[in-house]
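There are 2 protein chains.
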Amino acid sequence: MDDFSKLCIHTFTNKPWTLDQCIENYAKEGVKGISIWRNVLEGQDLNEVKVKLKEVNIEVVSLVRGGFFPSILKEERIAAIEDNKKLLDQAAILEAPLIVLVCGADGRQSLETSREQIFEGISELLPLAEQTGVKLAIEPLHPMYAGDKSAINTLKQANDMVSKLDSPFVGVAIDVYHLWWDPSLQTEIKRCGEMNKIFAFHICDWRVPTLDFLTDRGLMGDGCIPIKSIRSWVEEAGFAGYNEVEIFSDTYWAMDQQVYLKKIKEAYLKHS
Amino acid sequence: MDDFSKLCIHTFTNKPWTLDQCIENYAKEGVKGISIWRNVLEGQDLNEVKVKLKEVNIEVVSLVRGGFFPSILKEERIAAIEDNKKLLDQAAILEAPLIVLVCGADGRQSLETSREQIFEGISELLPLAEQTGVKLAIEPLHPMYAGDKSAINTLKQANDMVSKLDSPFVGVAIDVYHLWWDPSLQTEIKRCGEMNKIFAFHICDWRVPTLDFLTDRGLMGDGCIPIKSIRSWVEEAGFAGYNEVEIFSDTYWAMDQQVYLKKIKEAYLKHS
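So the protein lines, in turn, are chains A and B.
Note that numbering that gives the first Met the number 0 gives residue 57 to position 58 of the first sequence, counting from 1, and the numbers run on in steps of one.
Note that numbering that gives the first Met the number 0 gives residue 140 to position 141 of the second sequence, counting from 1, and the numbers run on in steps of one.
Structure, rendered in structure tokens:
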């Protein structure tokens with residue numbers, strides 16, 4: 000039987016669609032989970048969004064994305080924390096259980112300094128996370144983003160950071176795109192599971208060759224990531240949540256999005 | 000005093016130049032080492048090249064590049080080994096002490112399988128390496144190349160492979176571009192030094208943002224790599240060889256190459 004009960008899609012995967020179009024089409028196609036990106040929430044009444052989602056029985060899996068803590072400028076670090084607090088409030092209204100953190104990096108300072116600022120930034124969010132009941136997931140990003148997007152580039156680093164923060168409100172988002180190449184991945188997934196810290200699991204594929212740093216991700220099956228193996232490691236480590244399809248792709252964004260959504264469902268069954 | 004005694008430049012850094020232009024201009028500017036890419040050797044009499052280099056007192060630091068061992072097709076794996084043998088013979092004629100290996104990967108098979116084929120490929124080259132006296136340097140490549148260019152993506156993996164191959168003819172080429180982001184870099188440089196396996200050291204910079212997977216490298220000082228720190232680790236680990244400037248850059252290739260060569264020398268003194 001075709002099981003879509005654990006299929007979640009990120010709104011950015013269907014970037015040409017508005018939030019309403021995402022909700023309508025996901026409902027029609029039996030997609031049970033949605034991860035909502037901030038851009039589609041602009042100008043929306045969040046309470047109305049919540050009602051719409053409940054009407055069609057779609058669960059909000061996460062709000063994407065917070066983070067970007069490091070900066071050589073103190074005022075930018077303060078602004079980032081304020082921005083993340085706003086996001087926590089939005090998540091609380093939407094009843095989103097989780098915010099995904101792209102932790103940030105500033106190439107004008109060392110990775111070590113950026114990591115300290117990430118630790119400090121997340122620490123400052125913890126009281127509000129606890130108060131709102133919204134969790135935070137550190138998403139380690141591929142080393143090709145270490146210069147500007149995240150100073151946390153392996154699951155080991157994310158596990159270390161989560162362990163040091165030591166809060167039930169902080170865990171990890173595991174994305175196959177960022178981590179597939181890492182020879183310590185299986186070991187660190189096990190460790191993350193033992194800490195009960197696997198908060199999210201994202202899937203897509205790595206195209207060979209990949210032509211763009213941001214918008215050339217593949218649909219599952221298009222590339223070389225052993226998605227089924229990684230999913231099995233994550234599930235063996237105790238994760239029972241959604242498989243979130245997160246694909247940035249100029250190629251797929253140029254397609255008819257309804258046709259693309261059917262392709263996503265096929266690829267989900269066949270290659271993940 | 001301006002010390003260029005350990006400055007080596009890769010011919011591909013000045014891609015618009017022929018080998019003769021590289022030799023002539025490096026000699027004029029007091030560059031003491033050259034790493035020669037295969038493309039500029041096409042159609043050349045290698046014995047004549049060797050004589051020209053001796054006349055201007057420029058040392059061949061390495062021949063670039065061999066490797067590309069993995070393939071799902073056996074005939075391609077055999078062809079790769081034959082090609083590497085040819086390269087060893089060329090290196091012997093040029094009296095190049097070293098061949099840099101970009102080990103290869105095939106996205107149609109697992110990284111583990113590709114690594115086994117890399118091990119087998121290098122093993123098959125060892126008798127000829129010993130016979131010709133030419134060494135082989137495994138260059139771990141950035142994880143963004145794991146899909147197609149190398150299944151060896153960290154210095155730890157290179158150290159492990161070198162340790163397993165256990166030959167005085169196999170070591171490592173450390174390139175800051177590929178490895179700067181790795182939190183275990185300092186530890187693994189120390190380990191590599193303790194094994195006496197640091198065979199080469201390549202420098203350039205990581206631009207923020209980087210716009211192309213291949214041809215947007217920065218000149219030292221253009222980006223966020225802590226080149227001086229990494230160089231100090233390499234030297235503390237016992238390396239006393241050349242600092243090899245290896246930059247692929249559409250931007251710099253579009254410049255007057257003589258002006259660019261002066262910029263390279265300035266950046267070398269100031270930022271490495």
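From the three backbone atoms N, C-alpha and C, an ideal C-beta is built for every residue, glycine too.
Per-residue DSSP class, three states only, for residue i
i	result
B/I121	helix
A/K49	helix
A/S113	helix
A/I8	strand
A/V60	strand
A/G29	coil
A/D181	coil
B/D1	coil
B/D211	coil
B/D19	helix
A/G42	coil
Within-8 Å CB hit, residue i to chain A
i	result
B/L218	no
B/N83	no
B/C275	Within the shown structure, residues of chain B are numbered from 0 to 271, placing residue 275 of chain B beyond reach of any answer.
B/C223	yes
B/D255	no
B/S109	yes
B/G106	yes
B/N152	yes
B/T209	yes
B/P69	no
B/P182	yes
B/F212	yes
Contact check, residue i vs residue j, beta carbons under 8 Å
i	j	result
A/F11	A/E245	yes
B/H201	B/A172	yes
A/K134	A/G103	no
B/V55	B/A91	no
B/A199	B/S61	yes
B/I137	B/A157	yes
A/I272	A/E123	An answer regarding residue 272 of chain A cannot be provided, because it is not within the stretch 0 to 271 covered by chain A.
B/G217	A/G106	no
B/A150	B/S113	yes
B/K163	B/L127	no
B/V39	B/L93	no
A/S271	A/I226	yes
B/L125	B/F168	yes
B/V161	B/K196	yes
B/N24	B/W36	no
B/G120	B/R76	yes
A/Y267	A/Y259	no
A/F3	A/G42	no
8 Å Cβ cutoff, residue i in contact with chain B
i	result
A/W232	no
A/N158	no
A/H270	no
A/E205	Checking the sequence shown, residue 205 of chain A turns out to be Trp, not Glu. Output row for A/W205: interface = yes.
A/A143	For the record, residue 143 of chain A in the displayed sequence is Met; it is not Ala. True, the Cβ-Cβ gap to chain B drops below 8 Å.
A/G146	yes
A/T17	no
Cβ distance (whole Å) where residue i is taken to contact residue j below 8 Å
i	j	result
B/L213	B/F247	6 Å
A/G66	B/V207	A/G66 to B/V207, Cβ: 17 Å. No contact.
A/Q185	A/N13	Contact doesn't hold; Cβ gap of about 31 Å is too wide.
B/L87	B/I98	7 Å
B/H278	A/M143	With chain B represented from 0 up to 271, any question about residue 278 of chain B goes unanswered, as that position is not in the structure.
A/V101	A/K148	6 Å
A/E243	A/C7	4 Å
B/V59	B/I33	6 Å
B/Q89	B/L45	6 Å
B/D272	B/I229	This structure cannot speak to residue 272 of chain B, because chain B is shown only from 0 to 271.
What are the start and end residues of each continuous alpha helix (DSSP H) run of 4 or more residues lying completely inside the region 64-106 of chain A, in chain order? 73-93
Every unbroken beta strand (DSSP E) within the region 221-263 of chain A, with a cutoff of 3 residues, ordered by chain: 242-244
Where in the region 114-175 of chain A do unbroken runs of the beta strand (DSSP E), each at least 3 residues long, occur, reported from the N-terminal end onward? 134-137 and 169-174
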